[in-house]
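All the letters of the sequence shown, read from the start, carry residue numbers 161 to 353 under the numbering used here.
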Amino acid sequence: MKAIEGHATFKNNLTPATKEKMEQLKNGQAPETFLITCSDSRICPNAMTNTDFGELFVVRNAGNTVPASGEQTGDADAATLEYAVKALGVKEIVVCGHTKCGAVGALMDGVDSSQLPVISKYLDRLQPLKDKAVEAKMSTDQVIIENIKAQLSNILSYDFVKEKVKAGELTLEGWLYQIEDGDVKVVDEIKSL
Ligand SMILES: [Zn+2]
Numbered sequence: 161m162k163a164i165e166g167h168a169t170f171k172n173n174l175t176p177a178t179k180e181k182m183e184q185l186k187n188g189q190a191p192e193t194f195l196i197t198c199s200d201s202r203i204c205p206n207a208m209t210n211t212d213f214g215e216l217f218v219v220r221n222a223g224n225t226v227p228a229s230g231e232q233t234g235d236a237d238a239a240t241l242e243y244a245v246k247a248l249g250v251k252e253i254v255v256c257g258h259t260k261c262g263a264v265g266a267l268m269d270g271v272d273s274s275q276l277p278v279i280s281k282y283l284d285r286l287q288p289l290k291d292k293a294v295e296a297k298m299s300t301d302q303v304i305i306e307n308i309k310a311q312l313s314n315i316l317s318y319d320f321v322k323e324k325v326k327a328g329e330l331t332l333e334g335w336l337y338q339i340e341d342g343d344v345k346v347v348d349e350i351k352s353l
């Protein structure tokens with residue numbers, strides 16, 4: 161189905177309560193959750209967290225990654241992290257990886273940089289993870305989980321995140337979403353420092 165057709169159905173199905181909520185939200189948003197997840201089409205952020213308009217602030221990219229502090233010059237994901245924490249004051253950040261992640265698979269299998277130069281460059285940010293995975297002979301499933309933990313660690317490398325966690329105003333969670341059945345396993349959580 162084309163997106164515009166789906167949107168027509170969406171508009172037709174809006175309930176009066178949702179319309180009222182949308183009307184109120186035109187004045188501003190105050191989401192409590194910042195979700196960083198994969199671009200993979202099998203993940204439906206709002207459906208899987210049972211959230212509605214105004215409740216979820218989201219970054220999606222291949223492999224649900226965020227660069228570490230200092231590497232973020234001009235990076236949209238780092239900019240979005242800063243906005244979520246400092247401007248919106250989200251209460252939790254969830255990094256949601258998933259089973260069968262193609263980005264992690266590409267990282268481990270290697271990418272032909274002459275064919276896919278941008279992806280190849282992008283995956284450079286995961287090179288430390290790959291080195292660790294090769295050294296420890298991890299399975300791809302294990303690397304997917306380690307990637308989630310590595311991204312939490314990258315997020316925590318920002319001082320503005322650290323301060324909020326220390327103050328008890330922000331928690332970080334790592335989720336493994338199972339695309340097969342929609343289950344979520346919490347693989348890491350940082351509630352205090
Ligand atoms: Zn993925």
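Glycine included, every Cβ here is placed at the ideal spot set by N, Cα and C. Quick caveat: nothing in here was measured; it's all calculated off a predicted structure.
task: Could you pull the start and end residues of the beta strand (DSSP E) that Lys171 belongs to?
output: Within the sequence shown, numbered from 1, the residue matching residue 171 stands at position 11. No beta strand (DSSP E) contains Lys171, which is instead part of the alpha helix (DSSP H) from Ala163 to Asn173.
query: From which residue to which residue does the beta strand (DSSP E) around Phe217 run?
result: Residue numbering aside, residue 217 sits at position 57 when the sequence shown is read from its first letter. Where Phe217 is concerned, the enclosing beta strand (DSSP E) stretches over Leu216 to Asn221.
query: Comparing alpha-carbon positions, which option in Ala247, Gln275, Asn210 and Cys204 lies nearest Arg220?
result: Here residue 220 corresponds to residue number 60 of the sequence shown, with the count starting at 1. Checking every option, the nearest Cα to that of Arg220 belongs to Cys204.
task: Could you spell out where the beta strand (DSSP E) holding Gly257 opens and where it closes?
output: What you label residue 257 is simply residue 97 of the sequence shown in a count that begins at 1. Here the beta strand (DSSP E) through Gly257 covers Glu252 to His258.
message: Within a Cβ cutoff of 6 Å, which residues of the same chain sit near Glu349, ignoring the five residues on either side of it in sequence?
response: As a position in the sequence shown, residue 349 is number 189, starting the count at 1. Correct list, in chain order: Glu333.
- prompt: At what residues does the beta strand (DSSP E) containing Gly334 begin and finish?
  reply: By one-based count along the sequence shown, residue 334 stands at place 174. That run of the beta strand (DSSP E) goes Thr331 to Tyr337.
message: Quick check on the contact list: which residues have their beta carbon closer than 6 Å to a heavy atom of ligand 1?
response: Cys198, Asp200, Gly223, His258, Cys261, Gly262 and Ala263
task: Under 8 Å by Cβ, that's how I've got Leu283 and Val325 pegged, so tell me the actual separation to the nearest angstrom.
output: For the purposes of this step, residue 283 is identified with residue 123 of the sequence shown, where counting begins at 1. For the purposes of this step, residue 325 is identified with residue 165 of the sequence shown, where counting begins at 1. Not quite, the Cβ-Cβ distance comes to about 28 Å (not below 8 Å), so this is no contact.
query: Expressed to the nearest angstrom, what Euclidean distance is found between the alpha-carbon atoms of Leu312 and Val294?
result: Sequence index remark: in the sequence shown, residue 312 carries index 152 (1-based). Sequence index remark: in the sequence shown, residue 294 carries index 134 (1-based). Taking the straight line joining both Cα atoms gives about 21 Å.
query: Helix, strand or coil: how does DSSP classify Ile350 here?
result: As a working mapping, residue 350 is identified with position 190 in the sequence shown. Reduced to three states, the DSSP call for Ile350 is strand.
- prompt: Apart from the five residues on each side of it in sequence, which residues of its chain come closer than 7 Å, Cβ to Cβ, to Arg202?
  reply: Within the sequence shown, the letter at position 42 stands for residue 202. Cβ within range, chain order: Ile339.
task: Inspect the CB distances between the region 274-282 and the region 299-310 and report whether three or more fall short of 8 Å.
output: no
message: From the DSSP secondary-structure annotation, give me the bridge partner or partners of Val303.
response: Within the sequence shown, the letter at position 143 stands for residue 303. None, per the DSSP bridge assignment.
task: Please state whether DSSP places Lys345 in a helix, a strand or coil.
output: On the sequence shown, position 185 is the one that residue 345 refers to. DSSP places Lys345 in strand when its eight states are reduced to three.
task: Return the first residue and the last residue of the beta strand (DSSP E) that Phe194 is part of.
output: Taking the sequence shown and counting its residues from 1, one reaches residue 194 at position 34. It spans Thr193 to Cys198 - the beta strand (DSSP E) in which Phe194 sits, taken as one unbroken run.
message: Check this for me: beta carbons of Thr197 and Leu216, under 8 Å apart or not?
response: Walking along the sequence shown from the start, residue 197 turns up at place 37. Walking along the sequence shown from the start, residue 216 turns up at place 56. No. Outside cutoff.
- request: Compute the Euclidean distance between the alpha carbons of Lys322 and Gly270, then round it to the nearest angstrom.
  value: The residue given as residue 322 occupies position 162 in the sequence shown. The residue given as residue 270 occupies position 110 in the sequence shown. Cα to Cα, Lys322 sits roughly 33 Å from Gly270.
- request: Quick one: residues in its chain with C-beta nearer than 8 Å to the C-beta of Val250, no 5 flanking neighbours on either side, listed in chain order?
  value: As a first step, residue 250 must be located in the sequence shown, where it is residue number 90. Within the same chain, Val250 has close Cβ partners Pro191, Glu192, Thr193, Phe194, Phe217, Ala244 and Leu330.
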